Structures are given as structure tokens and as C-alpha cells.
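For the sequence shown, this note's numbering assigns the number 46 to the initial residue and increments by one for each residue that follows.
Notes follow the structure.
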Amino acid sequence: MDPIQAAITDIESLKSGEPFSYTAFATKYGVVRSTLIRRHRGITRPQQVKNSDQQKLTLEQELELVQYIKGLTERHLPPTREMIRNFAS
46 MDPIQAAITD IESLKSGEPF SYTAFATKYG VVRSTLIRRH RGITRPQQVK
96 NSDQQKLTLE QELELVQYIK GLTERHLPPT REMIRNFAS
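This is the structure in C-alpha cells:
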């Protein structure tokens, strides 16, 4: 678990209404206080989550497409970029 997520989990394990210090948690977990605040409040999300939201294909579909493209290339029929875009849509 990354340090920011560990800090957020620790913060959320506190009782409701119990006072806490973002600075103390940031220091304890060695993370930037402002990043911890933004993540905890839901203002920003981890980069990995952002990237996965932008992907059109699942990992399995992407691997299958790569194999298909390699097969076409081995038969001396390399697909154009437009063809690959159509395959992926």
C-alpha cells in the first residue's frame, strides 16, 4: 500500500468527530501534507486511477490486439494507425 493511502486509511479509522492533524499524519507517513489533504477530501485521485479511466481497452483486450497486430505484420500486412484505431474502438 502506498504511504498516502496508508495515511488515509489511518485517518479514516479514527472515530467520527475525533480531532486529528494532517501535518502529524503527513510527517508520520512521509508524505506531502497538501497532497494528503486533497486525496482525503476526494479533490484528487491517484494517477493510476486517472490513467485507468482514460483507457479504452482492458489489459486482456490490449494484449489480444497486440498479438493480432504482430500476426498481421508477420504476414507482411502491417495495419495502419487508422486500422488500429478502428480495431480498438
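For glycine and all other residues, C-beta sits at the position ideal for the given N, C-alpha and C.
Being a predicted model, the structure only gives us computed values, none of them experimental.
Legend entry - Three-state class that DSSP yields for Ser79 in the structure shown: Your numbering for residue 79 matches position 34 in the sequence shown. Reduced to three states, the DSSP call for Ser79 is helix.
Inset, instruction - Would you identify the three-state DSSP class for Met128, choosing helix, strand or coil? - result: The sequence position of residue 128 within the sequence shown is 83, counting from 1. Three-state DSSP puts Met128 in a helix.
Inset, instruction - May I ask you to report which of helix, strand or coil DSSP gives Glu63? - result: Looking up residue 63 in the sequence shown gives position 18. Glu63: coil per DSSP, three-state reduction.
Inset, instruction - Spell out a yes or no on whether the segment 71-78 and the segment 49-63 are touching, meaning 3 or more CB-CB pairs, one atom from each, closer than 8 Å. - result: yes
Legend entry - Whole-angstrom C-beta distance between Tyr67 and Arg84, which should lie under 8 Å: To locate residue 84, count along the sequence shown from 1; it is residue 39. To locate residue 67, count along the sequence shown from 1; it is residue 22. Not confirmed; about 11 Å, so no contact.
Inset, instruction - Label Leu102 either buried or exposed according to how many other C-beta atoms from any shown protein chain fall within 10 Å of its C-beta, with 16 as the threshold for buried. - result: The residue labelled residue 102 in the question sits at position 57 within the sequence shown. The residue in question, Leu102, is exposed, as its Cβ has fewer than 16 Cβ neighbours within 10 Å.
Legend entry - CA-to-CA distance, Gln106 to Thr125, given in whole angstroms: Counting from one through the sequence shown, the residue named residue 125 turns up at place 80. Counting from one through the sequence shown, the residue named residue 106 turns up at place 61. If you take the alpha carbons of Thr125 and Gln106, they lie about 19 Å apart.
Legend entry - Endpoints, alpha helix (DSSP H) assigned at Gly116: Counting from one through the sequence shown, the residue named residue 116 turns up at place 71. Residues 104-119.
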